[in-house]
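Read through the structure below, which is laid out as structure tokens, and then see the notes.
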């Protein structure tokens, strides 16, 4: 959408003061000295406006986008503890250049305690993991580490238990999955605004990118859609079937959040299941790869080899990281090529050992396995990536630009 600026063509502007008995003389003077006014419209590139400091919030911190983002996941505990120094050193001594820092975690807690004047203070969900977020970001600025704020959206046990009416109810209590985790309802605008408020505060802190995770309904929701109690909000009157209502709710939320973040100069990225790119859409959880991609700056598919079944004709994907990533990249590239304005592709890669798969189905992941994934992406023209290790212990000696 273009913005338009009204331009006054003449060079002079006059203020006429009308005095009883002197109208004719003033009118005569005006007609002689001032030319006819003409108006025209000049199209203004919205990206220029949104990038101008006149129109965007200034956090006081400056970060340049790297040649290509090569980042790692960082928990609140790591960001606020001694491990942060180790991770900064990792950035200093390798080609890694970005950190994805938990700001709202998998339980629904903020990883810092908001200041008393913060709009978030009223929610009382802060934990003292990162004692001084501004100090952390200042260090990242000095070290030229690109800061990305991870915000877990619809998996939120904290909010679900406080607001059951914003969640999914099974009988008389909030429904939880097999891991004891509750979700809040993507159909509800109140849930959208709650999370957007958190995203805006992260952007105002100085994070240059907001990354949403768990932007979806619970896994297997299609099996529970008729048994759980929940509101469909504005989607109640929709003519769409239940699958498309879920897809619309998830996609609409992403588009809504991106628009709300514009005044703060932050890009928006979304984590998405890798298999979503291989299907028209993931029907139960409401993720449509193409529709979400159309509304974000960055799409981050989680393509960990351990998370796949025998896709792409690979019986044991964890044992073949190069081939798995290679085959996935073909599918994603084709899908993004269909879009008019595709986002940057920045997949999540594997830097952990999936022993839970059982003997014969996994291998120890180290330098060779991490490099194999990066190499497969690079050969497919995908230069950006993120590395996941839940404990933030990343393999030493890796060539991050093989």
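Residue numbers (my numbering): 6 to 407. Glycine included, every Cβ here is placed at the ideal spot set by N, Cα and C. On a predicted model such as this, the values are computed, not experimentally measured, just so you know.
DSSP places residue 217 in the uninterrupted beta strand (DSSP E) bounded by 214-218.
In the DSSP secondary-structure assignment, residue 131 is bridged to 115. Ranking 259, 307, 254 by CA distance to the CA of residue 278 puts 307 first. Excluding its 5 nearest sequence neighbours in each direction, residue 156 has C-beta neighbours in its own chain below 8 Å: 108, 109, 200, 203, 204, 207, 215, 216, 217, 218, listed in chain order. The beta-bridge partner set that DSSP reports for residue 353 consists of 307, 391. Per the DSSP secondary-structure output, residue 104 pairs in a beta bridge with 77, 152.
Between the region 129-145 and the region 78-97 there are three or more inter-stretch CB-CB distances shorter than 8 Å, so the stretches are counted as touching. Between residue 162 and residue 112, the gap from beta carbon to beta carbon is short of 9 Å. Contact between residue 196 and residue 233 does not hold, since the beta-carbon distance rounds to 15 Å and is not under 8 Å. The alpha-carbon separation between residue 392 and residue 356 amounts to approximately 6 Å.
The continuous alpha helix (DSSP H) containing residue 201 extends over residues 194-210.
Residue 109 sits in a strand when the DSSP states are folded into three classes. Around the beta-carbon of residue 245, fewer than 16 other beta-carbon atoms lie within 10 Å, marking it exposed. The alpha-carbon separation between residue 360 and residue 367 amounts to approximately 6 Å. With 16 or more other Cβ atoms from the protein chains shown falling within 10 Å of its own Cβ, residue 80 counts as buried.
Secondary structure of residue 175 (DSSP, three-state): strand. The beta carbon of residue 124 is closer than 8 Å to those of 202, 206 in its chain, skipping five residues each way along the sequence. Short of 7 Å from the beta carbon of residue 88, and not among the five residues preceding or following it, lie these beta carbons of its own chain, in chain order: 397.
Residue 252 and residue 99 have their C-alpha atoms some 40 Å from each other. Per DSSP, residue 276 is one residue of the beta strand (DSSP E) stretching across 272-278. Taking C-alpha positions only, residue 144 is separated from residue 134 by approximately 17 Å.
Contact annotation: residue 407 and residue 370 have beta-carbon atoms that are not nearer than 9 Å.
Under the three-state reduction of DSSP, residue 157 is assigned to strand.
Secondary structure of residue 294 (DSSP, three-state): helix. The residues 221, 255, 277, 278, 281, 286, in chain order, have a CB closer than 7 Å to that of residue 292 in the same chain once the five nearest residues on each side in sequence are set aside.
In the DSSP assignment, residue 248 falls within the unbroken alpha helix (DSSP H) covering 247-266. Rounded to whole angstroms, the Cβ separation of residue 172 and residue 188 is 7 Å, and the two are in contact under 8 Å.
For residue 338, the uninterrupted alpha helix (DSSP H) run begins and ends at 326-342, by DSSP. Beta-bridge annotation (DSSP): residue 287 is paired with 292.
Boundaries of the alpha helix (DSSP H) harbouring residue 139: 138-147, taken from the DSSP string. Judged by DSSP in its simplified three-state form, residue 228 adopts helix. For residue 378, the enclosing alpha helix (DSSP H) covers residues 372-384. Residue nearest to residue 149 within the set 66, 176, 381 is 66 (criterion: CA-CA distance).
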